Amino acid sequence: MSDRGTLNRIIALRHNRAVWPLLALALILIVDGFISPNFFDIRIVEGRLFGNLIDILYRAVPAALIALGMAVVIGTKGIDLSVGSIIAICGAVIAWRIQAGDPHLLILFYALVAGAVCGVWNGFLVAGLGIQPIIATLVLMVAGRGIGLLINLFYGGTNPSFESELLQGLSTGNIWLIPTRLFVALGLFLALWALIRRTALGLFIEAVGGNAAASNLAGVNSRLVTFFAYVICGVMAAAAGVIMTADTHTSDPVSVAMYSELDAILAVVIGGASLAGGRVFLGMTVIGALVIQALTTSILISGLPPEYNLVIKALVVMAVLFLQSDNARSAISRLIPGGSR
Amino acid sequence: MTTSMTASPRVEMLGVSKSFPGVRALDSVDLTLHPGEVHALLGENGAGKSTLIKILTGALECDRGDIRLEGRPVSFRTTGEAQASGISTVYQEVNLIPAMSVTKNLTLERTGGRLGFVSWRRAREQAREKLQRLKLDINIEQSVGSYSVAIQQLVAIARALDDDTKVLVLDEPTASLDAQETETLFGIIRDLKARGIAVVFITHFLDQVYEISDRISVLRNGSLVATKPTSELPPQDLVAMMIGRELGDVEAAFTKSERKAPGAEKVVARNLGKKRMLEPFDLVLRAGEVVGLAGLLGSGRTETAKLIFGAIRHDSGSLSVRGTEIRGNSPRRALDAGIAFCPEDRKTEGLVGELSIRENIVLTMQAKGGWLRRIPHRDQERLADEMIKALAIATPDAEKPVGQLSGGNQQKVVLARALASKPEVLLLDEPTRGIDVGAHAEIIVLIRALCDEGLALLVASSELDEIVAASDRVAVLRDRQKIGELSGEAINHENIIRMIAGGGADHE
Chain D
1 MSDRGTLNRI IALRHNRAVW PLLALALILI VDGFISPNFF DIRIVEGRLF GNLIDILYRA
61 VPAALIALGM AVVIGTKGID LSVGSIIAIC GAVIAWRIQA GDPHLLILFY ALVAGAVCGV
121 WNGFLVAGLG IQPIIATLVL MVAGRGIGLL INLFYGGTNP SFESELLQGL STGNIWLIPT
181 RLFVALGLFL ALWALIRRTA LGLFIEAVGG NAAASNLAGV NSRLVTFFAY VICGVMAAAA
241 GVIMTADTHT SDPVSVAMYS ELDAILAVVI GGASLAGGRV FLGMTVIGAL VIQALTTSIL
301 ISGLPPEYNL VIKALVVMAV LFLQSDNARS AISRLIPGGS R
Chain A
1 MTTSMTASPR VEMLGVSKSF PGVRALDSVD LTLHPGEVHA LLGENGAGKS TLIKILTGAL
61 ECDRGDIRLE GRPVSFRTTG EAQASGISTV YQEVNLIPAM SVTKNLTLER TGGRLGFVSW
121 RRAREQAREK LQRLKLDINI EQSVGSYSVA IQQLVAIARA LDDDTKVLVL DEPTASLDAQ
181 ETETLFGIIR DLKARGIAVV FITHFLDQVY EISDRISVLR NGSLVATKPT SELPPQDLVA
241 MMIGRELGDV EAAFTKSERK APGAEKVVAR NLGKKRMLEP FDLVLRAGEV VGLAGLLGSG
301 RTETAKLIFG AIRHDSGSLS VRGTEIRGNS PRRALDAGIA FCPEDRKTEG LVGELSIREN
361 IVLTMQAKGG WLRRIPHRDQ ERLADEMIKA LAIATPDAEK PVGQLSGGNQ QKVVLARALA
421 SKPEVLLLDE PTRGIDVGAH AEIIVLIRAL CDEGLALLVA SSELDEIVAA SDRVAVLRDR
481 QKIGELSGEA INHENIIRMI AGGGADHE
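Chains as they are written, first to last, in the UniProt record's numbering: chain D, 1 to 341; chain A, 1 to 508.
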């Protein structure tokens, strides 16, 4: 009796949008457990937690931060291809200001401001001039790495490197055994969540993404809302940029965060949002980023040559998206007895 | 009544049924078409006319029922198959490519050339031949867009016709034609009729039904009410068949004598207009008064409402709300001044389909309050529940995505959002478009109730019945210009139609 109830509840869960990405994540980890028996071990080394699970969280932070900003933009039916370039600009700004001798805490602020300025530019093109998002952000995607190189050229030289205890702390530091950047990521996540869900901004973003014309007639300033989404995305990319730059102690505009916009879009989509806009799922976007990172990590520990990485990643992503497609799901429902709705 | 009635029928549709998720669009409908008859297909919006036509022309497949063409059972899977069998359709929105020449438009689908090449000499011959059938003498090299809508309509008909056309379906062909152009079209229809083609004529204009049709079929809520020869069906009976008793009840619910005198002036528009969209007009909306906006399609009804709401910026004249002039009008300013607007097209301009009923209802309130002052979730729920109850929105709960509701309930959500912003002036554009008769009556009753509470209302509608039933005053529009107002006893079908059609004594 209760077994049947549980079973029904599990079957009903199938319709919950959170299930498939979580299931995918669990599946990847389980496979990892088989490949490498001590995959789940967590040890304390030099006052710090070590282990594959920690490693996945640690490495997923920048991608998750980018993806969170992307989720907001995608919610407005937009897209931001320039996040990788924004990171390149941030790196250049950081290297430049450190060499200029500014206080390092102030430099973090500069980096975020640089991201915000980039977001303002994107928002101006999309919301102000009405250019299609994919084209509008392509401008900065192409120009951004060039701007980073120019900053280096004038103020630092080729790929300038730097020393900074503060940034080092963000990269490899830890607080109470836990990597510092996880606290940073959690803080940013909560701040963004509060901004979207504790104010009416989330409702406006989803309304504009769902139907901009109707939102306008309902009194929502849809251009301002769209503009704001790109600024948020720019700031989040900049935050990721700070961490990525801290990891390398270098400004390398040509190759830093290459293809990160694609991973970010992927994370948002795995999280269950549609590129057609109208929905923002912050928590699920983080899960999406974790799925991608877990996959990358497992290919590394599986001993497969890294050349397999991209293809296997594509296959798993396809599988997740397949499970999320309504058409595929209703086909599966027909195969599961009692699962029809 | 023609002799052809005795001949064997061209098309028989028997027991045709069609369901869409949650809606029974057609319930066992019979339709018989004879050679050489003009068969009027009538019904309110949502009665099932277009579904029936789509099944006849192969755009949709029916769930149950038989279709026979000249006695042979047929089932068309595509419009191409239907067309090949001699059933052609001209849709309401002219499906021509404006930038292409008449020749190219006419031969678009059937370019019979060798090796896939188009022989333009042959195409031109075919085009001339097609136009000759309608005795239409125009330059076939000119682009279609350079001709008037009426000519475009005729070109569309010419394209639909060929030598073996047996049935021609005309979906609202006269909606955008003036009286003279309509006459030309009717001349052509009579010609087609004489050639034995069965013409299905869908329209909202009852006088045209009596002028041209031989038989009338009336649909209501997906069922066939009756098929009768035109000569045996007086207009009153026809209207009763179309709108049923429900609207009669509505009309009885508020006889005009009960209406109170209007209150203070809420909105005063002076010389308000926009170039190439609407000639400057004067209009006053008062508390406790319903002003109807009557006019044909494209006469400027929607534009009038949108100019007042600021969805379209005016470039002449002034607009004051409660005595203060509004400058740089926008929807947001209009809402702040206490004006609310329910747009005509719910899907594209009204609702955010993926958001829930609750979110759609609070959207305007929240926009007025600003993004920082989020309305607490509990208050949102309370408001949504109140509105669902007050407007009798049929839904299990307030969290259902609005896109999954039926048309009438969606319209109520649009209305709920407007009302939640506590407006003093409410602009309704086609408040009953595309909703079933029951909800139709409910919404008209609601309009009157709101008016009694002291709201100033503007109702733009293409349905005269609605205008006549609901309005205290009627502003009549023609060709993007306000041509006059009617009030009190003067509000009736004849007067409004005379104003729309005639404009003066020269057009008795």
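Even glycine gets a Cβ: it sits at the ideal position worked out from N, Cα and C.
Computed from a prediction, not measured in an experiment: that's the story for all the values here.
Check                                                                                                                                                                                                : Outcome
Using the C-alpha atoms, what's the distance from isoleucine 467 of chain A back to alanine 150 of chain A?                                                                                          : 27 Å
Whole-angstrom Cβ separation of leucine 41 of chain A and valine 11 of chain A, contact assumed at under 8 Å?                                                                                        : 12 Å between Cβ atoms; not a contact.
Please classify cysteine 342 of chain A: does DSSP put it in a helix, a strand, or coil?                                                                                                             : strand
Counting only beta-carbon separations shorter than 9 Å, does glutamate 206 of chain D have a partner in chain A?                                                                                     : yes
Determine the chain A residues that contact glycine 210 of chain D at a beta-carbon separation under 7 Å, and present them in chain order.                                                           : Val352, Gly353, Glu354, Leu355
When you compare the CB of leucine 201 of chain D with every CB in chain A, is at least one pair closer than 9 Å?                                                                                    : yes
With 9 Å set as the bound, which would you pick, yes or no: does the beta-carbon of threonine 364 of chain A sit closer than that to a beta-carbon of chain D?                                       : yes
Can you give the Cα-Cα distance for residue 527 of chain A and leucine 477 of chain A, rounded to whole angstroms?                                                                                   : Since the displayed chain A opens at 1 and closes at 508, residue 527 of chain A lies outside it and no answer follows.
Quick check: is the beta carbon of glycine 219 of chain D nearer than 9 Å to any beta carbon in chain A?                                                                                             : yes
Going by DSSP, what residue range makes up the beta strand (DSSP E) through isoleucine 375 of chain A?                                                                                               : Unbroken run through isoleucine 375 of chain A: none, as it is neither H nor E.
Against chain A, with Cβ distances strictly below 9 Å, would asparagine 216 of chain D count as a contact?                                                                                           : yes
What residues of chain D sit near leucine 335 of chain A, judged by a beta carbon separation below 9 Å?                                                                                              : Ala218, Gly219
Return helix, strand or coil for threonine 79 of chain A, following the three-state DSSP convention.                                                                                                 : helix
Could you tell me the alpha carbon to alpha carbon distance between asparagine 105 of chain A and asparagine 139 of chain A, rounded to whole angstroms?                                             : 13 Å
How many Å lie between alanine 200 of chain D and asparagine 492 of chain A at the Cα?                                                                                                               : 47 Å
Find the residues of chain D that neighbour glutamate 349 of chain A, judging by a C-beta separation of less than 7 Å, and give them in chain order.                                                 : Ala213, Ala214, Leu217
Considering only the beta carbon of each residue, do alanine 264 of chain D and glycine 69 of chain D sit closer than 9 Å?                                                                           : yes
With respect to the beta strand (DSSP E) encompassing isoleucine 44 of chain D, which residues constitute its N-terminal and C-terminal limits?                                                      : 42-45
Relative to the C-alpha of glycine 274 of chain A, which candidate in A/Ala441, A/Ile500, A/Gln481 has its C-alpha closest?                                                                          : A quick correction: the sequence has lysine, not glycine, at residue 274 of chain A. Considering only alpha carbons, the answer is A/Gln481.
Among residues of its own chain, excluding the 5 on either side of arginine 311 of chain A, which ones have a beta-carbon nearer than 6 Å to its beta-carbon?                                        : Going by the sequence as given, residue 311 of chain A is alanine instead of arginine. Answer for alanine 311 of chain A: Pro331, listed in chain order.
Going by Cα to Cα distance, which pick from D/Met258, D/Gly84, D/Phe189 is closest to phenylalanine 281 of chain D?                                                                                  : D/Phe189
Identify the continuous beta strand (DSSP E) that holds valine 169 of chain A and give its terminal residues.                                                                                        : 167-171
Restricting to runs no shorter than 4 residues, where is the alpha helix (DSSP H) found entirely within the segment 279-317 of chain D?                                                              : 282-301
Kindly list the residues whose CB is nearer than 6 Å to the CB of glutamate 46 of chain D, restricted to its own chain and excluding five residues on each side of it in sequence; keep chain order. : none
For arginine 198 of chain D, go through chain A and note every residue whose CB falls closer than 9 Å to its CB, in chain order.                                                                     : Arg374
Quick one: which unbroken alpha helix (DSSP H) runs of 4-plus residues sit fully inside the segment 259-327 of chain A? Chain order, please.                                                         : 301-309
In this structure, how does DSSP classify proline 401 of chain A when only helix, strand and coil are distinguished?                                                                                 : strand
Classify methionine 13 of chain A as buried or exposed, calling it buried when 16 or more other Cβ atoms lie within 10 Å of its own Cβ.                                                              : buried
Count the other CB atoms within 10 Å of the CB of lysine 77 of chain D; is the residue buried (16 or more) or exposed (fewer)?                                                                       : buried
In whole angstroms, give me the CA-to-CA distance for leucine 206 of chain A and threonine 57 of chain A.                                                                                            : 24 Å
By how many angstroms is the C-alpha of valine 242 of chain D removed from the C-alpha of glycine 187 of chain D?                                                                                    : 15 Å
Count the CB pairs spanning the segment 210-219 of chain D and the segment 55-71 of chain D that are closer than 8 Å, and state whether there are at least three.                                    : no
Quick check on this structure: which residue in D/Phe109, D/Leu129, D/Ala71, D/Val269 has the alpha carbon closest to the alpha carbon of phenylalanine 322 of chain D?                              : D/Val269
In or out: valine 93 of chain D buried (at least 16 other Cβ within 10 Å) or exposed?                                                                                                                : buried
Using 10 angstroms around the beta-carbon of methionine 258 of chain D, count the other beta-carbons present and answer buried if the total reaches 16, otherwise exposed.                           : exposed
Closest by CA to tyrosine 155 of chain D, which one among D/Phe124, D/Ile89, D/Ala127?                                                                                                               : D/Ile89
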